[in-house]
């Protein structure tokens with residue numbers, strides 16, 4: 003499969019978004035009218051089947067994006083990418099270079115399979131890197147609230163670049179073993195165990211749809227604020243930074259990973275539909291943030307010495323010499339480190355129902371999660387003596403960076419969704435049309451770990467504060483006209499997704515009046531070549547600082563609200 007995507011920016015840069023140094027790199031890299039993607043993707047697939055029972059499958063993807071050969075950012079002071087410890091405008095971290103620019107590639111599917119009978123019971127087993135997702139979610143919002151959450155990492159880079167993508171298109175393969183059996187004609191059971199873990203893939207720092215310059219794996223630094231020593235230390239940078247430290251990732255090939263699941267799907271004749279029952283234990287694929295300050299400006303010299311710090315005069319103290327040093331502070335403005343952590347041991351229990359009613363394919367899910375990571379402020383990691391001070395008690399989950407899991411807020415949540423697919427017959431307006439719709443809901447029940455950093459706490463008042471309940475809605479509508487020209491079918495895909503009530507308490511769960519949309523026209527030529535022209539837009543509210551810069555976006559799309567763009571895509575398979 004060959005895919006070529008050419009895209010142009012169709013909105014001017016928003017000065018408010020440019021005003022925040024941790025949101026501006028991807029924005030500055032692409033001025034209005036510039037090419038934001040000029041990408042070639044290749045997908046090669048190979049299947050081997052022996053006696054229709056045994057075999058293996060392998061697929062490999064490769065890519066290169068010419069748009070990243072030259073970038074527009076010239077504002078070195080606010081660049082988050084570091085080269086030898088110093089910011090460089092228009093530079094990309096090695097991780098961003100690989101996954102946004104290329105040329106690079108990766109294995110996708112790489113698994114063996116077997117079909118056999120255990121007595122009279124048909125059994126299918128897959129082992130290796132593959133994708134099997136449970137439940138009945140339809141679109142991206144549904145995937146976040148589904149029983150399949152974190153079953154496979156989501157390709158959010160693709161999800162944001164292609165609004166309206168179906169959930170099944172966004173799941174990435176993961177190493178594990180899957181077993182499925184059919185004890186009766188009405189009942190199927192399945193089990194999974196995973197030996198490997200991957201985080202969700204997001205638009206990385208410096209790429210066009212960068213959400214935050216410091217995150218995720220492509221971020222090098224987080225700009226902390228004005229440097230209090232810039233006026234007294236010759237050559238000191240004007241801004242201070244936290245440098246990226248080693249992330250806390252779950253171990254692969256280890257019993258401690260512990261990700262597994264069991265499911266049963268029952269299709270009795272009287273129901274004329276399918277009931278599903280699920281139980282899973284999983285590790286999150288979306289992160290929480292930890293900050294390890296190296297410098298404090300309110301620690302008296304005596305206390306600074308007591309905790310093993312380095313007094314700098316007055317109440318300035320290097321409280322953690324592992325997080326910064328005098329030289330790093332003077333030369334680079336480094337005041338500490340930050341890293342990300344991923345919650346583990348999340349329990350998900352759910353039930354689903356899929357049924358056709360009045361010619362429409364309906365599906366619904368309801369699930370309950372325990373130990374679920376909640377939207378949190380960054381957790382500070384402080385020396386024990388400082389962590390014990392009244393001002394810090396309750397907000398510090400740990401006095402050391404944990405070896406696994408996350409010290410952020412965890413809790414119990416409820417999630418639900420209802421979706422439908424309808425196919426319209428020929429009308430005066432089109433030959434046929436497909437409508438997909440999905441309503442999502444979540445409610446946080448209780449906070450079981452570190453409630454002080456939970457953004458739903460009474461002390462947190464920013465625009466993105468989670469509400470008790472959240473509802474989101476998404477639609478895809480595609481009218482089609484057959485044989486407009488010989489061998490050519492035309493369609494006009496329209497997509498829209500938005501939070502309609504409240505703010506979700508989980509990352510990427512959705513926010514009120516924040517969303518995305520796209521409108522386009524596509525040609526399917528001889529059922530072999532697909533060409534599509536689309537406009538893609540994002541919108542949402544955000545709060546601003548006293549200087550007018552974006553402060554807190556109410557959802558990720560709000561931070562991309564000046565990133566509207568036009569895409570032209572060509573795809574063929576041979």
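In this note's numbering, the protein residues as written are 3 to 576. For each residue, glycine too, the CB sits at the ideal point set by N, CA and C.
- Take residue 92, set aside five residues on each side of it, and the residues of its chain with a beta-carbon closer than 6 Å to its own are 73, 75, in chain order.
- Taking the CA atoms as reference points, residue 216 sits about 7 Å from residue 24.
- Counting along the chain, residue 20 sits inside the alpha helix (DSSP H) bounded by residues 17-20.
- Contact between residue 27 and residue 212 is confirmed by a C-beta separation of about 6 Å, below the 8 Å threshold.
- For residue 131, the pairing in a beta bridge is given by DSSP as 112, 177.
- The bridge partners DSSP lists for residue 490 are 487, 527.
- Of the other Cβ atoms in all chains shown, fewer than 16 fall within 10 Å of the Cβ of residue 105; this residue is therefore exposed.
- Within the same chain, Cβ atoms closer than 6 Å to the Cβ of residue 8 are found at 40, 570, the five residues on either side in sequence being excluded.
- Residue 203 places its beta carbon 8 Å or farther from that of residue 341.
- By the Cβ rule, the region 82-96 does not count as touching the region 138-151, because fewer than three pairs are nearer than 8 Å.
- Burial state of residue 367 is buried, judged by a 10 Å Cβ sphere holding 16 or more other Cβ atoms.
- Within the same chain, 464, 465, 466, 544, 545 come within 8 Å of residue 554 by CB-CB distance, once the 5 residues on both sides are set aside.
- Judged by DSSP in its simplified three-state form, residue 119 adopts strand.
- With 16 or more neighbouring CB atoms inside 10 Å of its own CB, residue 468 falls in the buried class.
- Judged by their CB atoms, residue 537 and residue 558 are not nearer to each other than the 8 Å cut-off.
- The Cβ-Cβ distance between residue 564 and residue 15 falls below 8 Å.
- Counting C-beta pairs with one atom in each stretch, the region 325-341 and the region 287-306 have three or more that are closer than 8 Å, which means they touch.
- Segment contact: the region 169-186 against the region 123-135, three or more CB-CB distances shorter than 8 Å; contact assigned.
- Assignment of residue 188 by DSSP, reduced to helix, strand and coil, places it in the coil class.
- For residue 467, the three-state secondary structure derived from DSSP is coil.
- A straight line joining the alpha-carbon of residue 311 with that of residue 292 spans about 20 Å.
- Residue 528 and residue 416 have their alpha carbons spaced roughly 46 Å apart.
- Note on geometry: alpha-carbon atoms of residue 480 and residue 168 lie some 13 Å from one another.
- Sequence-distant partners of residue 484 (beyond 5 residues in either direction) whose C-beta falls short of 7 Å from its own C-beta, in its chain, are 433, 491.
- A check of alpha carbon separations from residue 225 across 80, 323, 390, 384 identifies 80 as the nearest.
- Per DSSP, residue 388 is one residue of the alpha helix (DSSP H) stretching across 386-389.
- For the pair of segments examined, the region 305-324 was found not to touch the region 350-364: the number of CB pairs separated by less than 8 Å stays below three.
- Ranked by how close their Cα comes to the Cα of residue 190, the residues 143, 425, 276 have 276 in first place.
- Here residue 521 has 496, 537 as same chain residues with Cβ atoms under 6 Å from its own Cβ, once five neighbours each way along the sequence are excluded.
- Between residue 77 and residue 30 the beta-carbon gap is near 6 Å, inside 8 Å, which marks them as a contact.
- In the DSSP assignment, residue 412 forms a beta bridge with 375, 451.
- Shown here for residue 129: same chain residues with a beta carbon closer than 7 Å to its own, the five before and five after excluded, namely 113, 114, 179 in chain order.
- Of 500, 456, 519, the smallest CA-CA separation from residue 475 is found for 500.
- In the structure shown, the three-state DSSP call for residue 47 is strand.
- Between residue 232 and residue 239, the C-beta gap is smaller than 8 Å, which places the two residues in contact.
- As a beta-bridge residue in DSSP terms, residue 417 pairs with 369, 444.
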